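Undergrad: If you're matching them up, the sequences are chains A and B in order. Per UniProt numbering, residue 1 is the first one in the first sequence, and the count goes up by one each step. Per UniProt numbering, residue 1 is the first one in the second sequence, and the count goes up by one each step. Where is the CB? At the ideal position from N, CA and C, for every residue including glycine. Quick caveat: nothing in here was measured; it's all calculated off a predicted structure. Before we start, here is the structure in question, set down as structure tokens.
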Amino acid sequence: MSPSRPLRTVVTLTLVGLLGACGGGGDAAGPAPGDGKPVRGGTLTYLEHQPPTCLYLPAAGFYPNGGILNQITDKLTWQNPETLEIEPWIATKWEINEDATEYTFHLRDGVTFSDGTPLDADAVAANFDVYGLGDEKLKLPVAEFVNNYERSEVIDPRTVRFHFGKPSPGFLQGTSVIGAGLVSKKTISLPYEQQCRLKNIVGSGPFTLKKQILDKEVDLVAREDYDWAPPSSEHQGRAYLDEIKIIVTPEDNVRVGALTSGQADMVRYVQAYDEQTVKDAGFLIHAEPTRGVNNGLYLRPGNSLLKDARVRTALRLGTNAKEIVDTLFTGSYPVATSVLSHLAQGYVDLSKELVHDPAKANELLDTAGWTRGADGVRTKDGRRLELGVFVSGPQPLSKQTLELVAQQWTKLGVKLEIRPADAGTQAVDIKDAEKTAIQHGMVGRADQDVIKSHFHSENRDVILSDDEKLDRLLEEESAEPDEAARNAKVAEIQRYVIDQGYAIPLFEEPQVYGSAPHVHGVAFEAVARPWFYSVWKSRP
Amino acid sequence: MTRYLLSRAGQAALVLWAAFTASYVLLQLLPGDSILIKFQNPELGLSPQQIAEIRSYYAGGSPVAGYVQTLLGFLTGSLGYSIDTGTPVAERLAEALPETARLASAAFLLAVVIAVVIAFAASYSTASWLRGALLSVPSLFVSVPAFWLGILLIQIFSFRLGLVPVIGGSEPQQLVLPVLTLAVPISAPIAQVLARAIDQVYAQPFVPVIAARGATRWWILWRHVARNAVLPALTVAGLTFGELIAGSVVTETVFGRAGIGRLTEQAVNAQDTPVMLAVVVLAAAVFVLVNLVVDVLFPILDPRLKGAAA
């Protein structure tokens with residue numbers, strides 16, 4: 001995050017008048033030409049909030065990375081962002097055995113990587129061997145979206161089979177995620193640092209790299225011979241756009257101003273307070289759901305103050321998520337009704353449990369033996385009820401959110417100590433429940449396994465779990481081949497996490513984009529990374 | 001003169017070595033390290049064991065050995081690898097440096113022009129209210145945050161008036177606003193010192209003598225006063241180079257320029273130690289070099305100092 005965030009807010013406020021005036025002066029929403037038929041050609045100027053980091057595919061979760069990799073790589077399967085169904089793409093069809101330990105994929109013929117090498121069973125096997133097992137020698141870590149992977153088997157040039165040690169029902173969806181983008185055999189055999197660099201990433205996608213200025217700009221150019229879009233895509237063949245210019249523009253004001261003044265076609269990360277400016281100027285806001293674990297506070301039972309479940313529950317009852325959304329955010333950020341987004345697979349509505357009840361919260365803290373001191377902060381056995389949390393860089397308005405929560409908790413007699421997002425201290429302290437009692441975060445992925453990614457002690461482990469029951473439930477969920485049974489398990493986990501007071505869900509976090517009215521065909525994958533393949537401009 | 005130069009160059013080398021050592025030690029003392037920050041990223045899902053292996057691969061050996069190895073690397077021009085992006089640090093610097101050099105040198109030149117105009121106009125003006133107004137301009141300039149000024153300039157000249165694009169646009173177009181943003185606060189101390197020095201020179205007895213011989217005010221200011229007043233301003237101008245580097249961090253972020261400033265900001269965020277170390281040493285080297293140039297220029301501009309330097 002830029003160090004200038006507080007300043008930025010001040011400037012935003014002082015410039016509100018100016019901005020409003022600018023918006024009116026920008027391009028008004030012009031009508032699309034004639035019949036609205038797609039036009040070929042043109043360059044899309046897309047403004048990113050942050051520069052990409054390491055582009056090793058399993059690290060594509062970072063949105064700036066995903067925004068690039070989603071254009072230059074294809075996946076085995078396509079997850080329909082509307083229905084969340086898994087549809088054919090590079091794999092024309094597949095068979096899965098009864099207990100989901102064997103997946104056989106039949107590949108499309110004639111697909112090539114941009115370096116001319118074929119996208120065949122060999123290449124796919126090489127990709128997934130790395131994503132499933134990692135490679136110690138090349139320092140390539142295992143990908144989060146593959147569970148229980150054992151080995152690959154090349155049956156013929158167009159058929160590949162994957163074997164799993166335990167049932168892996170999430171794998172089919174795993175083959176559709178952005179981190180499962182397929183790269184050439186040469187790319188996948190490079191060491192980690194080399195796979196970090198964009199110029200070494202050779203995919204089979206509709207665009208290829210033209211030029212990169214590190215930290216500043218990535219220019220992509222359409223691949224003329226591209227002819228293997230997902231069959232369900234209306235548009236087939238070459239991409240409509242000739243080029244995409246992805247320009248890093250860290251400053252919120254500049255990004256939004258450039259869009260409304262016609263210097264850019266599309267931007268990522270429109271802050272909640274800028275949404276109205278964009279709309280008023282006749283531009284579009286795309287608040288894309290991320291369909292995973294909601295933005296929330298995750299409480300660590302290993303912390304000596306939080307080991308009492310009554311304290312954790314009291315904190316949840318004393319938190320007013322609606323007030324946070326109403327004060328800081330917009331309608332693009334729905335108030336959470338569970339640990340998971342209402343669009344996530346296996347979601348269950350827990351809004352009855354997730355109520356704001358400060359009276360009950362105070363009562364719980366009283367019964368737990370925490371009494372108010374002279375300064376209003378509760379104490380017990382000489383210890384103050386004071387909890388530490390880091391500002392979360394990737395979360396929108398994290399600091400402001402935490403400040404509002406701190407205000408709400410003051411009424412309970414709880415002090416929330418908010419620490420700045422300093423990468424160094426954070427990397428050390430965040431793994432220590434005593435120092436960092438609470439973590440602010442979320443994670444997006446359109447599969448039931450997302451809840452395992454967030455809570456399992458061997459994955460992200462946001463609560464630094466020592467709860468064996470939780471781990472067991474998560475493992476059962478990720479190894480349950482039957483869809484209905486799996487969703488039931490996910491529901492059980494959501495209830496369990498709330499009952500144990502591990503989570504204070506706040507809101508469903510979208511990715512918010514703004515686009516000009518002359519940009520058509522804007523599409524996103526299931527977790528809100530832009531997909532520019534079918535985008536076209538009705539104005540040069 | 002040669003001895004003077006050699007001793008100054010020796011001092012410069014010593015300062016550089018000290019800067020390197022101090023920053024190396026300080027960076028080692030920071031909590032966490034770039035490897036931890038990067039590989040502990042939950043999205044990668046590595047075990048502590050794997051992280052330890054990666055760390056030993058990057059760091060290797062004792063702190064002393066690491067120090068010696070890094071120092072030797074720096075002396076031979078090998079600055080190591082950025083842990084955040086995997087690119088050689090020297091390559092990153094080579095890409096970012098020209099971008100910042102263009103910005104900083106143009107901003108510096110503009111700052112000098114602004115400073116000279118303000119100082120001269122103030123000295124030349126006879127109306128005391130105008131003089132007072134001009135002399136208060138530097139205080140105003142120095143208190144303008146570069147961040148705020150940058151955004152204001154963008155909003156007015158790019159978004160509202162549409163005179164220069166911020167996105168795309170040719171290199172000169174892309175430079176105009178950031179140069180202005182950076183030049184304004186830097187011009188302030190130079191203008192202030194120059195204006196004061198001009199006043200002091202005017203107060204000296206030789207000025208009325210020249211005036212009595214019929215010299216015009218402009219002649220006195222330009223030929224006699226300014227020449228004598230330029231030395232303190234030059235010293236300050238040398239010192240503002242530090243501010244240029246610091247100011248470029250903010251300016252480059254606002255304008256999305258991929259220079260040393262942005263590189264530094266990102267390296268600090270990711271605690272990318274090799275990049276941070278290289279940036280600190282580079283900044284020290286530029287600073288030392290500029291001051292060396294200023295010191296060498298002194299005796300040339302002021303013949304009285306030649307004896308002292310010889």
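Determine the burial state of E251/A: buried for a count of at least 16 other Cβ atoms within 10 Å of its Cβ, exposed for fewer.
TA: With 16 or more other Cβ atoms within 10 Å, it is buried.
Undergrad: Excluding five sequence neighbours on each side, which residues of the same chain lie with their C-beta closer than 7 Å to the C-beta of L234/B?
TA: So the qualifying residues of the chain are V294, L297.
Undergrad: Which chain B residues are close to P250/A, counting only those with a beta carbon under 7 Å from its beta carbon?
TA: Simply T253, G256.
Undergrad: Consult DSSP for I498/A and reduce its assignment to one of helix, strand or coil.
TA: Of the three classes helix, strand and coil, the one that applies to I498/A here is helix, per DSSP.
Undergrad: For R316/A and T436/A, what's the separation of their Cα atoms in angstroms?
TA: So the alpha carbons of these two residues sit roughly 17 Å apart.
Undergrad: Jot down the residue ranges of each uninterrupted alpha helix (DSSP H) in the region 318-370 of chain A, minimum 4 residues, whole runs only, in chain order.
TA: With a minimum length of 4 residues, the continuous alpha helix (DSSP H) runs that stay inside the region 318-370 of chain A are 321-328, 358-367.
Undergrad: Give the secondary structure of V230/B by DSSP, where H, G and I count as helix, E and B as strand, and everything else as coil.
TA: Reduced to three states, the DSSP call for V230/B is helix.
Undergrad: For T87/B, does the three-state DSSP call read helix, strand or coil?
TA: If DSSP states are grouped into helix, strand and coil, T87/B belongs with coil.
Undergrad: What are the boundary residues of the beta strand (DSSP E) that includes E288/A?
TA: Where E288/A is concerned, the enclosing beta strand (DSSP E) stretches over 284-289.
Undergrad: Given that E95/B touches chain A, what residues does it touch there, using C-beta distances under 7 Å?
TA: What E95/B touches in chain A: L214.
Undergrad: Would you mind stating whether L79/B and V89/B have Cβ atoms separated by less than 7 Å?
TA: In contact: L79/B and V89/B (Cβ atoms closer than 7 Å).
Undergrad: Is it a yes or a no for the region 443-460 of chain A touching the region 319-331 of chain A, going by three-plus beta-carbon pairs under 8 Å?
TA: Touching, no.
Undergrad: Taking only the alpha-carbon atoms, compute the straight-line gap between A229/B and T264/B and give it to the nearest angstrom.
TA: When rounded, the distance between both Cα atoms is 36 Å.
Undergrad: Using beta-carbon positions only, say whether G514/A and V270/A come within less than 7 Å of one another.
TA: For G514/A and V270/A, yes; Cβs fall inside 7 Å.
Undergrad: Given that I247/A touches chain B, what residues does it touch there, using C-beta distances under 9 Å?
TA: Per Cβ cutoff of 9 Å: I167, G168, G256.
Undergrad: With distance defined between alpha-carbon atoms, name the residue in L26/B, R131/B, L30/B, V112/B nearest to T240/B.
TA: Closest by alpha carbon: V112/B.
Undergrad: For my contact list, L119/A and F128/A are in at a C-beta cut-off of 8 Å; report their separation, rounded to the angstrom.
TA: The pair is not a contact, with the Cβ atoms about 13 Å apart (cut-off 8 Å).
Undergrad: Have a look at P231/A and W94/A and give me their C-alpha separation to the nearest angstrom.
TA: Each residue's alpha carbon lies about 15 Å from the other.
Undergrad: Determine the DSSP secondary structure at L47/A, reduced to helix, strand or coil.
TA: Strand, per DSSP.
Undergrad: Using the beta-carbon of each residue, which ones in chain B are nearer than 8 Å to Q194/A?
TA: Simply G86.
Undergrad: Could you check whether L107/A and A191/A sit closer than 7 Å to each other, using their CB atoms as the reference points?
TA: Sequence inspection shows Pro at residue 191/A; the Ala mentioned does not correspond to that position. No.
Undergrad: Under 7 Å between C-beta atoms, does T436/A make it to chain B?
TA: Judged by the 7 Å Cβ criterion, T436/A is not in contact with chain B.
Undergrad: How many Å lie between L301/B and R227/B at the Cα?
TA: Distance between the alpha carbons of L301/B and R227/B is about 8 Å.
Undergrad: Tell me which residue opens and which closes the beta strand (DSSP E) that P505/A is part of.
TA: That run of the beta strand (DSSP E) goes 503-507.
Undergrad: Residues of chain A with CB under 8 Å from Q266/B, in chain order?
TA: Here the neighbours are P51, D215.
Undergrad: What does the Cβ neighbour count give for Q236/A, buried or exposed, with the cut at 16 atoms within 10 Å?
TA: The residue in question, Q236/A, is exposed, as its Cβ has fewer than 16 Cβ neighbours within 10 Å.
Undergrad: Does any CB atom of chain B fall closer than 7 Å to the CB of V254/A?
TA: For V254/A, the answer is yes, since a Cβ of chain B falls inside 7 Å of its Cβ.
Undergrad: Do A285/B and A195/B have their C-beta atoms closer together than 7 Å?
TA: Taking 7 Å as the Cβ cut-off, A285/B and A195/B do not qualify as a contacting pair.
Undergrad: Would you report the Cα separation of D471/A and K452/A, rounded to the nearest angstrom?
TA: If you take the alpha carbons of D471/A and K452/A, they lie about 8 Å apart.
Undergrad: Which of helix, strand or coil does DSSP assign to K199/A?
TA: The answer is helix: DSSP assigns K199/A an H, G or I state.
Undergrad: With a cut-off of 7 Å, does the C-beta of Q395/A fall near any C-beta of chain B?
TA: Not an interface residue.
Undergrad: Quick check: is the beta carbon of Q271/B nearer than 7 Å to any beta carbon in chain A?
TA: Yes, because at least one Cβ of chain A sits closer than 7 Å to the Cβ of Q271/B.
Undergrad: Against chain B, does S261/A count as a neighbour if the rule is that its beta carbon must be under 7 Å from one of theirs?
TA: Output row for S261/A: interface = yes.
Undergrad: Within 7 Å (strictly less), CB to CB, does T73/A reach chain B?
TA: Answer no: the Cβ-Cβ gap between T73/A and chain B never drops below 7 Å.
Undergrad: Please check if any C-beta of chain B sits within less than 7 Å of the C-beta of A264/A.
TA: By this cut-off, A264/A is an interface position.
Undergrad: Ignoring anything shorter than 3 residues or poking outside the region 63-113 of chain A, list the beta strand (DSSP E) runs there in chain order.
TA: Within the region 63-113 of chain A, the complete beta strand (DSSP E) runs of at least 3 residues are 77-79, 86-88, 91-96, 102-107.
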